[in-house]
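Residue numbers (this note's numbering): 2 to 491. By construction, the Cβ of each residue, glycine as well, lies at the ideal position given by its N, Cα and C atoms. One structure is given below, encoded as structure tokens.
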């Protein structure tokens with residue numbers, strides 16, 4: 002039984018499941034899988050694939066043959082990250098790829114699919130494959146052993162918490178590996194330079210044994226070329242997510258900033274609500290906007306925020322409430338992230354506490370009595386203060402308006418100007434790399450939204466708006482926060 006991945010709270014369920022399987026096996030309804038058969042299965046559960054001494058025999062597909070024999074020879078920078086290809090072998094009427102066996106006996110392994118199609122059916126929308134674009138395909142280590150397709154385990158349908166726990170446990174088991182961090186970093190740099198390619202269905206294979214640890218880029222059964230002139234943005238996004246987890250587990254929290262746009266406004270679907278509202282400038286979310294707020298909470302379910310900051314507008318607070326509820330956190334109401342200076346009669350929050358999740362002890366960095374500055378200057382000053390306040394304590398989540406989050410991106414990327422497409426319900430993610438530079442992992446990402454809006458939302462599969470690195474001569478952002486030259490991974 003594949004029960005190793007279950008939490009302590011599911012022990013009773015495990016016992017009951019074992020009893021049911023034994024009863025069914027006794028009745029002849031199913032065949033028992035012996036321990037030897039389970040251990041003999043390859044990591045992904047494909048019984049045709051097998052080790053043959055120093056070689057690994059993998060059943061060939063036309064796409065993978067094309068990749069190894071026609072595409073890979075023209076990509077020398079990628080060869081160091083892929084097991085050596087040794088030709089084709091005919092065996093029992095089937096064609097196998099003969100690859101270098103990088104996984105000898107006694108090796109602990111973790112297979113993470115890092116380029117998955119984002120499904121749109123309701124069954125898949127809640128899962129990690131949809132939310133992050135990656136999932137655990139299989140693992141074999143002291144922390145647990147389970148494989149896709151074996152005993153009903155399907156990594157793509159698991160919750161984001163399962164993915165986080167599984168990868169974290171494996172990384173802790175093998176211990177800090179600085180060379181793996183650098184190797185994945187180098188692989189990402191290579192992939193960012195490749196255009197007109199799609200590595201759908203590919204994996205990162207982590208290996209660790211007495212000889213050391215390594216990782217490989219594998220599985221090209223669904224590889225195909227494109228004509229968009231862009232790198233595989235979804236692949237890079239997922240790999241950066243794994244890289245971030247490696248650094249978090251092995252070297253402590255990585256400063257990460259999540260910039261979330263409030264969900265769809267009620268006046269977009271019901272224009273009449275403005276005339277009937279006593280606060281026409283402080284409109285709440287529509288029903289679709291409320292559901293988008295729930296989608297955001299699912300996407301960020303595994304983060305560990307030091308602070309969740311919202312603007313004083315009702316739609317911003319409503320967009321962050323499901324996340325606060327899920328993480329058992331409070332919301333810090335920051336006037337520095339208001340769209341513009343408002344009088345006391347304009348906002349619901351000026352007269353009453355509109356949410357039980359508001360942190361009443363938090364004192365806004367930006368005082369409403371201060372003279373109104375240019376929006377970008379006000380946002381930059383507030384953001385610089387919050388970054389320093391959260392440094393070393395956890396992630397910073399900001400839920401606000403499109404104009405505010407565009408100004409936040411401009412703080413890191415002065416060349417962004419008004420070109421970035423910031424959409425309702427979307428999420429941008431910026432983190433600080435090992436060399437101190439800020440990197441955009443995602444910009445206006447809406448791929449995790451289950452509930453689409455007809456207003457301000459474009460095709461979720463489209464490439465995010467690319468951001469240009471800031472020149473080294475760019476002025477230092479306000480509040481004496483030194484931000485060096487920046488780069489992005491779009």
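In angstroms with no decimal places, state the Cα-to-Cα distance between residue i and residue j.
{"i": "residue 178", "j": "residue 271", "result": "54 angstroms"}
{"i": "residue 416", "j": "residue 311", "result": "25 angstroms"}
{"i": "residue 166", "j": "residue 374", "result": "44 angstroms"}
{"i": "residue 366", "j": "residue 257", "result": "20 angstroms"}
{"i": "residue 191", "j": "residue 174", "result": "28 angstroms"}
{"i": "residue 259", "j": "residue 139", "result": "29 angstroms"}
{"i": "residue 149", "j": "residue 156", "result": "6 angstroms"}
{"i": "residue 196", "j": "residue 280", "result": "50 angstroms"}
{"i": "residue 211", "j": "residue 234", "result": "35 angstroms"}
{"i": "residue 320", "j": "residue 70", "result": "50 angstroms"}
{"i": "residue 479", "j": "residue 391", "result": "Here residue 479 scores only 32 on pLDDT, less than 50, and its place in the model should not be relied on; the value that follows carries that caveat. Between residue 479 and residue 391, the C-alpha separation is close to 17 angstroms."}
{"i": "residue 376", "j": "residue 411", "result": "11 angstroms"}
{"i": "residue 266", "j": "residue 290", "result": "6 angstroms"}
{"i": "residue 55", "j": "residue 73", "result": "21 angstroms"}
{"i": "residue 274", "j": "residue 288", "result": "13 angstroms"}
{"i": "residue 309", "j": "residue 398", "result": "5 angstroms"}
{"i": "residue 424", "j": "residue 447", "result": "8 angstroms"}
{"i": "residue 184", "j": "residue 268", "result": "49 angstroms"}
{"i": "residue 292", "j": "residue 222", "result": "36 angstroms"}
{"i": "residue 469", "j": "residue 186", "result": "Residue placement at residue 469 cannot be trusted, given a pLDDT of 38 that sits under 50; what the coordinates show is reported in the next sentence. Using only the alpha carbons, I get a separation of about 20 angstroms."}
{"i": "residue 317", "j": "residue 152", "result": "44 angstroms"}
{"i": "residue 264", "j": "residue 294", "result": "6 angstroms"}
{"i": "residue 44", "j": "residue 306", "result": "For residue 44, the pLDDT reaches just 47, beneath the cut-off of 50, and the residue's location in the model is therefore unreliable, leaving the point undetermined."}
{"i": "residue 358", "j": "residue 326", "result": "8 angstroms"}
{"i": "residue 363", "j": "residue 331", "result": "10 angstroms"}
{"i": "residue 137", "j": "residue 158", "result": "10 angstroms"}
{"i": "residue 323", "j": "residue 360", "result": "15 angstroms"}
{"i": "residue 426", "j": "residue 78", "result": "38 angstroms"}
{"i": "residue 163", "j": "residue 401", "result": "29 angstroms"}
{"i": "residue 154", "j": "residue 128", "result": "14 angstroms"}
{"i": "residue 403", "j": "residue 67", "result": "44 angstroms"}
{"i": "residue 100", "j": "residue 106", "result": "16 angstroms"}
{"i": "residue 381", "j": "residue 250", "result": "30 angstroms"}
Excluding the 5 residues flanking residue i on each side, which residues of the same chain have their C-beta closer than 6 angstroms to its C-beta?
{"i": "residue 282", "result": "347"}
{"i": "residue 117", "result": "130, 134"}
{"i": "residue 246", "result": "168"}
{"i": "residue 52", "result": "102"}
{"i": "residue 207", "result": "111, 216"}
{"i": "residue 433", "result": "256, 439"}
{"i": "residue 261", "result": "297, 400, 428"}
Using a Cβ-Cβ cut-off of 7 angstroms (strictly less than) and excluding sequence neighbours within five positions of residue i, which residues of its own chain qualify?
{"i": "residue 61", "result": "89, 96, 97, 98"}
{"i": "residue 384", "result": "409, 412"}
{"i": "residue 237", "result": "189, 192, 193, 490"}
{"i": "residue 313", "result": "334, 336, 339, 348, 350"}
Taking the beta strand (DSSP E) that residue i belongs to, which residues open and close that run?
{"i": "residue 207", "result": "204-210"}
{"i": "residue 261", "result": "257-262"}
{"i": "residue 146", "result": "145-148"}
{"i": "residue 215", "result": "213-219"}
From which residue to which residue does the alpha helix (DSSP H) around residue i run?
{"i": "residue 67", "result": "63-67"}
{"i": "residue 130", "result": "129-132"}
{"i": "residue 304", "result": "Where residue 304 is concerned, there is no enclosing alpha helix (DSSP H), given that its DSSP letter is neither H nor E."}
{"i": "residue 364", "result": "Residue 364 -> no alpha helix (DSSP H), and no H or E assigned at all."}
{"i": "residue 187", "result": "179-193"}
{"i": "residue 1", "result": "Given a span of 2 to 491 for the chain in the structure shown, any question on residue 1 remains unanswerable."}
{"i": "residue 404", "result": "403-413"}
{"i": "residue 172", "result": "161-175"}
{"i": "residue 268", "result": "267-270"}
Going by alpha carbons, who is nearest to residue i out of the options?
{"i": "residue 449", "options": "227, 220, 115, 428", "result": "428"}
{"i": "residue 76", "options": "444, 264, 188, 287", "result": "188"}
{"i": "residue 253", "options": "51, 273, 172", "result": "172"}
{"i": "residue 108", "options": "68, 215, 205", "result": "215"}
{"i": "residue 443", "options": "306, 241, 209", "result": "241"}
{"i": "residue 296", "options": "137, 50, 136, 452", "result": "452"}
{"i": "residue 213", "options": "176, 220, 230", "result": "176"}
{"i": "residue 49", "options": "86, 94, 80, 302", "result": "94"}
{"i": "residue 248", "options": "396, 87, 105, 182", "result": "182"}
I believe residue i touches residue j by the beta-carbon criterion, under 8 angstroms. Please report the beta-carbon distance rounded to the nearest angstrom.
{"i": "residue 110", "j": "residue 141", "result": "5 angstroms"}
{"i": "residue 338", "j": "residue 405", "result": "5 angstroms"}
{"i": "residue 64", "j": "residue 225", "result": "7 angstroms"}
{"i": "residue 243", "j": "residue 115", "result": "7 angstroms"}
{"i": "residue 170", "j": "residue 144", "result": "4 angstroms"}
{"i": "residue 161", "j": "residue 132", "result": "5 angstroms"}
{"i": "residue 83", "j": "residue 218", "result": "5 angstroms"}
{"i": "residue 355", "j": "residue 387", "result": "Contact doesn't hold; Cβ gap of about 22 angstroms is too wide."}
{"i": "residue 220", "j": "residue 203", "result": "5 angstroms"}
Residues in its own chain within less than 8 angstroms of residue i by CB, not counting five upstream and five downstream?
{"i": "residue 92", "result": "58"}
{"i": "residue 228", "result": "197"}
Taking only beta-carbon positions, decide if residue i is within less than 9 angstroms of chain C.
{"i": "residue 63", "result": "Of the chains in the structure shown, none is chain C; there is only one protein chain."}
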